[in-house]
Every structure is written in C-alpha cells, then in structure tokens.
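Enquirer:
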Amino acid sequence: MTQSGRIHSRIAGTGSYLPEKVLTNADLEKIVETSDEWIQSRTGIKERHIAAKGQTSSDLGYEAAIRALEAAGVAAADLDMILVGTTTPDLVFPSTACLIQILLGAEGCAAMDVNAACSGFLFALSVADKFIRTGDAKTILVIGTETLTRIVDWTERTTCVLFGDGAGAVVLKADAETGILSTHLHADGSKKDLLTCPVGVSAGFDNSKPNAGLGIQMKGSDVFKYAVKALDGVVDETLRANGLDKHDLDWLIPHQANLRIIEATAKRLEMSMDQVVVTVDKHGNTSSASVPLALDAAVRSGKVKRGQLLLLEAFGGGFTWGSALLRY
Ligand code: ACO
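Oh and the sequence shown: position 256 is 257 in our numbering, straight run, nothing missing.
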C-alpha cells in the first residue's frame, strides 16, 4: 500500500511460449495462391508458429505461465486467481483457465476465461487489476493463449496467411508502487459481421461443410479502417485520463495484427518505430496472445526496463478494443 493507502497492481514477471513448428510465407505459397511479397508488404508477416497435433491452448498457456511465475518468483500455490484471455478454448467447458490450473497444481484459486477475441488479454488484465486494487486478490496470473490456426480456413488466402499460435503471461501482484495506471475497454457489437468465426454452440453446429464457412471470416479493409480509428481514440483517451503527453511514453506494445496498423498508431503518438515493440513479423496475429508475447519478448531482450512507461493496446473481433497504461 502507498502512504495514501492505495493498493496498486504491478507486473512482477512475464513469460511466453511459441510452438516449435514454423510456417513461413514460402510454405504458404504451396497451400494457397499467395506470395511472400504480398504477405510482407500488406501485413509485415514473414512467418508464424503452428501448434503441434494435440497441443492445445491450455498446453501453450501453461508453458507461458510457468515462465512468468519463475520470472516473478511466485509459486503456483500462492495464486489467488487465474484469468485467461482466449478465443480458442480447449473445450466449451471446463474453461482453459481451469485446465491450466490443473497443470500448475494450483487447485482452489478462482479461474476463468475472458473472451474478447484479440483484446482478450487486455480485458483479462483489466479485470485482474480491479481485483487487486480493491484488495480482493494479491497475486493473479493473467494469460493470453491461442491456437488460432485451428479455426482458420486453409483454403481462404485472405485470412489464412494472417494468424499464428502462441501464448504469453504476466503475474500481477499487489504493490505499494504504481504499476498499472489505467485500463480502458470498449466494444461495438454492431460490427459483429465484419470479423467473425461463425461456429456455434448455442447457435448450432454445422459440420456439413468441412472447410468452407467454418473458419475466421473478415472484411479486411473495413476492419483495418475501423481498427486504426478505434485505436487512435483509445490511445488519446488513455493519455487524457492520466494527464500525460504522448511524449511521456517510453514504449508502445501494440496488438500484432498488421504492421501498417501498428505504424499508424505510432505515427499518431509521434513515436519512432524504435520505441514500438514489433513481433508480427515472426509471430503473425496470435490474437489475445499477441500483446503478452510482445511484452515478454521486449522484457527478456532487455528493451523494456523497470520504471518505464508502457502503452499496451489491442483491437479484435466483436469489435473489441482497449488499452493499458503501466509503469513496468
Ligand atoms: N495473397 C495474395 N493476394 C491476396 C491475398 C493473399 N494472401 N489476400 C487477398 N489478396 C488479394 C485480394 O483478393 C485483392 O485482390 P483484387 O484487388 O484483385 O480483388 C487484393 O489482394 C487486395 O485485397 P484487400 O483485402 O483489399 O487487401 P488489404 O490491403 O486490405 O490487406 C489485410 C488485407 C491484410 C487483411 C488488411 O485489410 C488487414 O490487415 N486488415 C485488418 C486485420 C485486423 O486488424 N484484424 C483484427 C484482429 S483479428 C481478430 O480479432 C481475430
């Protein structure tokens, strides 16, 4: 607690995991009519990782979690809660958070999934922050994990080149020092048809067409335009809420969907690309795993240092979008 009696939530450690198999743009040229040149120039993606047969979102999330716990010096038994952002859960239920809890041997603490598509990790981080600030929890594991390539239509070149699998995690702890300054979350369900994976549970399964119609569907250029505008709005809102200027930021850690969207946000913030963490070239779009994967890469490479001011942001299906401003 601070002298004012306020409890803050602070990132105590980060971790991530990428499956072994790498699928390059050259590999994709053999699957659909595309080219390395098209993919790189439109998205910035060079390669992505693909989960092995039988490897699930909980498996990836567990690997990221043990690295984050180790970095934080926290034992799984000390967790008060496990929150998992995912849009590709292993099962309808139990939740992926419950499945990771078993793997960690952390039975007893609260565990739940948060589905906000690519914004899932930030939505989960925001929930964790609130539990810690109110004093209801002291130590929370927040994970973003996805096996998005399982819901990709591999005959559809407009989407299958974009996505990859992976997981990232952070351990949030109650702290006397400021960590997360604010989170801002938004959604606009009226745009649901622009980016969707229309495979139903309550809406019903349709297994009659094994490939067509069951994967991710996206009106790419509409999503692009809306994403840039929404992200501009949320970064302005975040800075205003904290009385900060864009030049106060040390790092932008954006959702890794498309290098051109990332560059547009950096331009808005008048940040040089040297202050932007970019992993989309190596990871593709890993949905809710993308922000914690990028954060962990930046921490472990020594780019991001303690005390620096980080702006995390994401945009995804729903539409959903959000930000987190934090002192690392
Ligand atoms: N290889 C070669 N050509 C292709 C490919 C491909 N893989 N995909 C599309 N094309 C062609 C199209 O058919 C089209 O051809 P035409 O002009 O003859 O009709 C042309 O390329 C241009 O297609 P566009 O869709 O207009 O290309 P655009 O420049 O918009 O780039 C992209 C597409 C990369 C999808 C971009 O729109 C984008 O990144 N959108 C946002 C994605 C995003 O941010 N998603 C949010 C998160 S995802 C989530 O929440 C799960």
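Each residue gets a CB set at the ideal place from its N, CA and C atoms; glycine is no exception.
For valine 236, which option in Asn286, Ile263, Gly190 has the closest C-alpha, if you only look at C-alpha atoms?
Expert: In the sequence shown, the residue the question calls residue 236 occupies position 235. Nearest option by C-alpha distance: Ile263.
Enquirer: Of all the beta strand (DSSP E) runs that stay within the bounds of the stretch 247-328, which reach a length of 3 or more residues?
Expert: With a minimum length of 3 residues, the continuous beta strand (DSSP E) runs that stay inside the stretch 247-328 are 252-255, 310-317, 321-328.
Enquirer: Closer than 7 Å to a non-hydrogen atom of the ligand ACO - does that hold for the CB of tryptophan 155?
Expert: Start at 1 with the first residue of the sequence shown, and residue 155 comes out as number 154. The answer is no for tryptophan 155.
Enquirer: Buried or exposed: where does serine 191 fall if 16 or more other Cβ atoms within 10 Å of its Cβ makes it buried?
Expert: Residue 191 sits at position 190 when you count from the first residue of the sequence shown. When all chains shown are included, serine 191 counts as exposed.
Enquirer: If you measure from the CB of threonine 381, is any heavy atom of the ligand ACO nearer than 7 Å?
Expert: Past the boundaries of the shown model lies residue 381; the chain is included only from 2 to 329, so the question cannot be answered.
Enquirer: How many Å lie between alanine 175 and isoleucine 144 at the Cα?
Expert: On the sequence shown, position 174 is the one that residue 175 refers to. On the sequence shown, position 143 is the one that residue 144 refers to. So the two alpha carbons sit approximately 17 Å from each other.
Enquirer: Do alanine 125 and threonine 321 have their CB atoms nearer than 8 Å?
Expert: The sequence position of residue 125 within the sequence shown is 124, counting from 1. The sequence position of residue 321 within the sequence shown is 320, counting from 1. Not a contact, by the Cβ cut-off of 8 Å.
Enquirer: Taking all protein chains shown into account, do 16 or more other C-beta atoms lie within 10 angstroms of the C-beta of leucine 92, making it buried, or fewer, making it exposed?
Expert: Numbered from its first residue, the sequence shown carries residue 92 at position 91. When all chains shown are included, leucine 92 counts as exposed.
Enquirer: Name the two residues that bound the continuous alpha helix (DSSP H) containing glutamate 30.
Expert: By 1-based counting over the sequence shown, the position of residue 30 is 29. Here the alpha helix (DSSP H) through glutamate 30 covers 26-30.
Enquirer: Whether or not the stretch 50-67 and the stretch 128-136 are in contact is what I'm after, with contact meaning three or more pairs of Cβ atoms, one per stretch, closer than 8 Å; do they touch?
Expert: The stretch 128-136, when compared against the stretch 50-67, does not touch it at the 8 Å Cβ threshold.
Enquirer: What's the call for threonine 97, buried or exposed, on a 16-neighbour Cβ count within 10 Å?
Expert: As a working note, residue 97 is residue 96 in the sequence shown. By the neighbour-count rule (16 or more Cβ atoms within 10 Å), threonine 97 is buried.
Enquirer: Within the present structure, is the beta-carbon of valine 281 separated from the nearest heavy atom of the ligand ACO by less than 7 Å?
Expert: Sequence index remark: in the sequence shown, residue 281 carries index 280 (1-based). Checking every heavy atom of the ligand ACO against the Cβ of valine 281, none is found closer than 7 Å.
Enquirer: Which full runs of the alpha helix (DSSP H) of 4+ residues lie inside the stretch 39-93, going along the chain?
Expert: For the stretch 39-93, whole alpha helix (DSSP H) runs of length 4 or above, ordered along the chain, are 58-73.
Enquirer: Out of curiosity, what's the CA-to-CA distance linking alanine 111 and alanine 27?
Expert: Taking the sequence shown and counting its residues from 1, the one referred to as residue 111 is at position 110. Taking the sequence shown and counting its residues from 1, the one referred to as residue 27 is at position 26. Their backbone Cα atoms lie some 44 Å apart in a straight line.
Enquirer: Note down, in chain order, each residue of its chain lying with its Cβ closer than 8 Å to the Cβ of glutamate 271, except the 5 sequence neighbours on either side.
Expert: Taking the sequence shown and counting its residues from 1, the one referred to as residue 271 is at position 270. Hits under 8 Å: Lys247, His248.
Enquirer: Excluding the five sequence neighbours on either side, which residues of its own chain have a C-beta within less than 7 Å of the C-beta of alanine 295, listed in chain order?
Expert: If you number the sequence shown from 1, residue 295 lands on position 294. The answer, listed in chain order, is Ile254, Gln257, Val278, Thr280.
Enquirer: Quick one: Cα of glutamate 34 to Cα of isoleucine 40, how far?
Expert: Walking along the sequence shown from the start, residue 34 turns up at place 33. Walking along the sequence shown from the start, residue 40 turns up at place 39. Whole-angstrom Cα-Cα distance: 11 Å.
Enquirer: Is the separation between the beta-carbon of valine 171 and that of isoleucine 12 shorter than 8 Å?
Expert: In the sequence shown, counting from the first residue as 1, residue 171 sits at position 170. In the sequence shown, counting from the first residue as 1, residue 12 sits at position 11. Their beta carbons are under 8 Å apart, which means valine 171 touches isoleucine 12 by this criterion.
Enquirer: Taking the straight line between their C-alpha atoms, what separation do you get for threonine 197 and glycine 6?
Expert: In the sequence shown, counting from the first residue as 1, residue 197 sits at position 196. In the sequence shown, counting from the first residue as 1, residue 6 sits at position 5. When rounded, the distance between both Cα atoms is 44 Å.
Enquirer: Over what stretch of residues does the alpha helix (DSSP H) that includes leucine 100 continue unbroken?
Expert: Along the sequence shown, one-based indexing puts residue 100 at 99. It spans 97-105 - the alpha helix (DSSP H) in which leucine 100 sits, taken as one unbroken run.
Enquirer: Serine 288 and leucine 149 - do their beta-carbons sit closer together than 8 Å?
Expert: Walking along the sequence shown from the start, residue 149 turns up at place 148. Walking along the sequence shown from the start, residue 288 turns up at place 287. Their beta carbons are under 8 Å apart, which means leucine 149 touches serine 288 by this criterion.
Enquirer: Can you determine whether any heavy atom of the ligand ACO sits closer than 7 Å to the C-beta of cysteine 110, and answer yes or no?
Expert: Here residue 110 corresponds to residue number 109 of the sequence shown, with the count starting at 1. Result no, Cβ not under 7 Å from the ligand ACO.
Enquirer: So within the stretch 139-167, which uninterrupted beta strand (DSSP E) runs reach at least 3 residues, ignoring any that extend past its ends?
Expert: Runs found: 140-148.
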